[in-house]
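Q: In my numbering, the protein residues as written are 804 to 952. Ideal Cβ positions, reconstructed from N, Cα and C, are used throughout, including at glycine.
Written out as structure tokens, the structure is:
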């Protein structure tokens, strides 16, 4: 029998399901896939971020295909910002995207600090066209690595 884990809002999510992660950008959204059993993330695809309708149609197709139990969104935290500083525009966009995912698909969403994921993806040798998906993989792997055993 598997133990359930609460998400940030206290909702229970099974430990043995699929997880989709997103590296949100104004032009492109990197997507990664993993599961709670192996705790290994893989780069999946890059979605063009052209219109709201097209964005969520593409995400909806991925959700239908992979049936995730949880979604993870990278949060571009500013390492220089203090607790009283105003949220950066990129943080607001990522938070809004995550909230929209939750509202549209009724799946729990977790945010992960992704401040260096794109740089790490480039340093890992990801090809220019695959950087966003690799950044999403790094975000999801960080999420898995920070889960309690």
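1) Under the three-state reduction of DSSP, which class applies to residue 862: helix, strand or coil?
2) What do you get for residue 873, buried or exposed, if any count of 16 or more other CB atoms within 10 angstroms of its CB means buried?
3) According to the neighbour-count rule (16 or more other Cβ atoms, all chains shown, within 10 Å of its Cβ), is residue 901 buried or exposed?
4) Taking only the alpha-carbon atoms, compute the straight-line gap between residue 819 and residue 907 and give it to the nearest angstrom.
5) Have a look at residue 829 and residue 937 and give me their C-alpha separation to the nearest angstrom.
6) Does the distance from the CB of residue 861 to the CB of residue 942 come in under 8 Å?
7) Any heavy atom of the ligand GDP closer than 7 Å to the Cβ of residue 842?
8) Out of curiosity, what's the CA-to-CA distance linking residue 827 and residue 877?
9) Give a yes or no on whether the C-beta atoms belonging to residue 837 and residue 844 are separated by under 8 Å.
10) How big is the Cα-Cα spacing for residue 944 and residue 869?
11) Mapping the DSSP letters down to three states, classify residue 937 as helix, strand or coil.
A: Looking at the atomic coordinates:
1) In the chain shown, counting from the first residue as 1, residue 862 sits at position 59. Note: residue 862 maps to helix in three-state DSSP.
2) The residue you call residue 873 lines up with position 70 of the chain shown. So residue 873 counts as buried.
3) Reading the chain shown from its first residue, position 98 is the one you call residue 901. Residue 901 comes out buried.
4) Taking the chain shown and counting its residues from 1, the one referred to as residue 819 is at position 16. Taking the chain shown and counting its residues from 1, the one referred to as residue 907 is at position 104. For residue 819 and residue 907, the distance between alpha carbons rounds to 23 Å.
5) Indexing the chain shown from 1 puts residue 829 at position 26. Indexing the chain shown from 1 puts residue 937 at position 134. C-alpha separation (whole angstroms): 17 Å.
6) Indexing the chain shown from 1 puts residue 861 at position 58. Indexing the chain shown from 1 puts residue 942 at position 139. No; because the gap between Cβ atoms is not below 8 Å, this pair is not in contact.
7) By its list of ligands, the structure shown contains no ligand whatsoever, and the ligand GDP lies outside what it can speak to.
8) Working through the chain shown from its first residue, we reach residue 827 at position 24. Working through the chain shown from its first residue, we reach residue 877 at position 74. C-alpha separation (whole angstroms): 7 Å.
9) By one-based count along the chain shown, residue 837 stands at place 34. By one-based count along the chain shown, residue 844 stands at place 41. Yes.
10) As a working mapping, residue 944 is identified with position 141 in the chain shown. As a working mapping, residue 869 is identified with position 66 in the chain shown. For residue 944 and residue 869, the distance between alpha carbons rounds to 18 Å.
11) Your numbering for residue 937 matches position 134 in the chain shown. Helix at residue 937.
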